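Visitor:
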Amino acid sequence: MRQPRERRDDQPAFVLHTYPYRETSVIVETVTAAYGRVALVARGARRARSELRAAIQAFQPLSLSWSGAGELKTLLKAEWRGGLPLVGGSALLCGFYVNELLLKLLPREDPHPQLFRDYETALVELASSAEQAPVLRRFELRLLSELGYALPLTHEADTGQPVDPAERYYYAFDRGPRLKIAEPGRRYPQVRGATLLALAQQDFSAPEAAAEAKRLMREVLDHYLEQRTIVSRRVVRDLQAMEETGDDGSND
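Every letter in the sequence shown is one number past the one before it in the working numbering, and letter 44, counting from 1, is 48.
1. Please report the straight-line C-alpha distance between Q205 and D226, rounded to a whole angstrom.
2. Is W70 near L79, with beta carbons less than 7 angstroms apart?
3. Of all the options H116, A59, Y173, which has the alpha carbon lying nearest to the alpha carbon of S149?
4. State buried or exposed for L110, treating a residue as buried only when at least 16 other CB atoms are found within 10 Å of its CB.
5. If contacts are defined as beta-carbon pairs under 8 angstroms, then Y175 and P181 qualify, I think. What distance do you get, rounded to the angstrom?
6. Start and end of the beta strand (DSSP E) containing Y192?
7. Straight-line CA distance for Q61 to V19?
8. Does the segment 187-202 come close enough to the segment 210-227 that 3 or more CB-CB pairs lie under 8 angstroms?
9. Tell me which residues share the same chain as Q165 and place their Cβ nearer than 7 angstroms to its Cβ, disregarding the 5 neighbours each side in the sequence.
10. Just checking my contact of A95 with L130 at CB under 8 angstroms: how many whole Å lie between their CB atoms?
11. Just how far apart, CA to CA, sit R237 and A49?
12. Kindly indicate which residue of Y173, S132, R146 has the alpha-carbon position closest to the one of Y192.
13. For the segment 95-179, list the alpha helix (DSSP H) runs that are entirely contained and at least 4 residues long, ordered along the chain.
14. Quick check on DSSP: helix, strand or coil for S236?
15. Can you round the beta-carbon distance between A137 and F208 to whole angstroms, since I take them to be within the 8 angstroms contact cut?
16. CA-CA distance, V91 and Y23?
17. I234 and E33: beta carbons closer than 7 angstroms?
18. If you reduce the DSSP assignment to three classes, tell me which class L20 lands in.
19. Rounded to whole angstroms, what is the Cα-Cα separation between K184 and A154?
20. Which class does P211 belong to by DSSP, given the choice of helix, strand or coil?
21. Can you check DSSP and say which residues form a bridge with S71?
22. CA-CA distance, D256 and V239?
23. Consult DSSP for R196 and reduce its assignment to one of helix, strand or coil.
24. Would you mind stating whether S67 and D122 have Cβ atoms separated by less than 7 angstroms?
25. Quickly, what does DSSP pair L44 with across the bridge? List them, please.
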């Protein structure tokens with residue numbers, strides 16, 4: 005017995021990623037306010053005159069309509085909602101990074117309305133802020149919290165005592181900060197108490213805390229990514245290396 009083809013109209017959404025599908029179509033990975041991450045096929049979107057082709061742009065608020073009962077739905081309509089500044093330059097690379105996190109950590113069709121709002125806020129802040137790292141740390145924390153992996157940051161896991169900013173802690177991914185680890189073969193990142201408290205307060209004004217928070221969040225995310233690579237990180241590292249050496253890529 006065939007499943008009924010459910011239809012959803014005018015749903016707030018953002019495009020996370022697109023890739024070719026068959027001869028003229030495109031698969032559109034989206035995040036939506038009401039239905040979470042949804043995969044859509046935009047039929048004929050690779051044709052020059054397709055109305056969908058111009059609309060399915062990343063980092064812009066869209067209103068999408070689709071139908072279908074399986075994991076891959078059919079995109080029926082896409083309209084630009086407007087209201088967001090364009091993301092460019094280094095902010096664009098940060099946007100790709102945020103999109104990759106959602107693609108690899110957010111389960112399909114698992115709605116997180118607050119995370120959708122956090123994502124929209126992050127795009128606005130990336131486009132308008134001179135410092136993008138604090139925006140990324142805030143979004144990473146919100147993403148982990150929404151997925152049920154909220155980071156304990158203010159109290160020592162074994163004793164319940166408040167974190168001492170002068171101490172160094174091991175960060176156990178499943179428990180939080182610990183002064184001692186007695187688990188042979190397990191490696192946990194070390195971090196200053198001051199950095200844990202800065203993360204809890206989302207205060208990244210101190211350069212040392214900002215750098216250490218970045219390293220800690222990378223290790224925590226890698227733990228939950230389970231060996232899945234974030235490609236945009238490598239792109240950023242390659243670009244930074246080119247800038248440091250003065251290589252513009254013309255010799256490649």
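Even glycine gets a Cβ: it sits at the ideal position worked out from N, Cα and C. No experiment lies behind these values; they were computed from the predicted model shown.
Guide: According to the data block:
1. Against the sequence shown, residue 205 aligns to sequence position 201. Against the sequence shown, residue 226 aligns to sequence position 222. So the two alpha carbons sit approximately 23 angstroms from each other.
2. Position 66 of the sequence shown, counted from the first residue, corresponds to residue 70. Position 75 of the sequence shown, counted from the first residue, corresponds to residue 79. With respect to L79, W70 sits close: the two C-beta atoms are nearer than 7 angstroms.
3. Stepping through the sequence shown from its first residue, residue 149 is reached at position 145. Ranking the options by Cα distance to S149, first place goes to H116.
4. The count along the sequence shown starts at 1 and reaches residue 110 at position 106. With 16 or more Cβ atoms within 10 Å of its Cβ, L110 is classed as buried.
5. To locate residue 175, count along the sequence shown from 1; it is residue 171. To locate residue 181, count along the sequence shown from 1; it is residue 177. At roughly 6 angstroms, the Cβ-Cβ gap stays under 8 angstroms, so Y175 and P181 are in contact.
6. Counted from its first residue, the sequence shown places residue 192 at position 188. Segment: none, Y192 is in no beta strand (DSSP E) and carries neither H nor E.
7. By one-based count along the sequence shown, residue 61 stands at place 57. By one-based count along the sequence shown, residue 19 stands at place 15. Cα to Cα, Q61 sits roughly 6 angstroms from V19.
8. When C-beta atoms of the segment 210-227 are compared with those of the segment 187-202, three or more pairs fall below 8 angstroms, so the two segments count as touching.
9. The sequence position of residue 165 within the sequence shown is 161, counting from 1. Beyond the five residues adjoining it in sequence on each side, Q165 comes within less than 7 angstroms, by CB distance, of H159 in the same chain, given in chain order.
10. Position 91 of the sequence shown holds residue 95. Position 126 of the sequence shown holds residue 130. Indeed they touch by this definition, with Cβ atoms about 4 angstroms apart.
11. The count along the sequence shown starts at 1 and reaches residue 237 at position 233. The count along the sequence shown starts at 1 and reaches residue 49 at position 45. The straight-line gap from Cα to Cα measures roughly 29 angstroms.
12. Residue 192 sits at position 188 when you count from the first residue of the sequence shown. Nearest C-alpha to Y192 among Y173, S132, R146: Y173.
13. Listed in chain order, they are 117-132, 137-150.
14. For the purposes of this step, residue 236 is taken as the residue at position 232 of the sequence shown. DSSP, read as helix, strand or coil, puts S236 in helix.
15. The residue labelled residue 137 in the question sits at position 133 within the sequence shown. The residue labelled residue 208 in the question sits at position 204 within the sequence shown. A137 to F208, Cβ: 7 angstroms. Contact.
16. Residue numbering aside, residue 91 sits at position 87 when the sequence shown is read from its first letter. Residue numbering aside, residue 23 sits at position 19 when the sequence shown is read from its first letter. Looking at the two C-alpha atoms, the distance is approximately 20 angstroms.
17. Reading the sequence shown from its first residue, position 230 is the one you call residue 234. Reading the sequence shown from its first residue, position 29 is the one you call residue 33. At the C-beta level, I234 and E33 stay beyond 7 angstroms of one another.
18. As a first step, residue 20 must be located in the sequence shown, where it is residue number 16. In the three-state reduction of the DSSP assignment, L20 falls in the strand class.
19. Against the sequence shown, residue 184 aligns to sequence position 180. Against the sequence shown, residue 154 aligns to sequence position 150. Rounded to whole angstroms, K184 to A154 spans 21 angstroms at the Cα level.
20. By 1-based counting over the sequence shown, the position of residue 211 is 207. Annotated three-state conformation of P211 is helix, per DSSP.
21. On the sequence shown, residue 71 is found 67 positions in, with the first residue counted as 1. Beta bridge pairing from DSSP links S71 with R11, T78.
22. Translated into the one-based positions of the sequence shown, residue 256 becomes position 252. Translated into the one-based positions of the sequence shown, residue 239 becomes position 235. Only weak support is given to the placement of D256: the predicted model assigns it a pLDDT of 42, under 50, and the value that follows is read from those uncertain coordinates. In this model, D256 and V239 are separated by some 16 angstroms (Cα to Cα).
23. As a position in the sequence shown, residue 196 is number 192, starting the count at 1. Of the three classes helix, strand and coil, the one that applies to R196 here is strand, per DSSP.
24. Residue numbering aside, residue 67 sits at position 63 when the sequence shown is read from its first letter. Residue numbering aside, residue 122 sits at position 118 when the sequence shown is read from its first letter. Not in contact: S67 and D122 (Cβ atoms no closer than 7 angstroms).
25. The sequence position of residue 44 within the sequence shown is 40, counting from 1. Residue pairing by DSSP places L44 opposite V32, K77 in a beta bridge.
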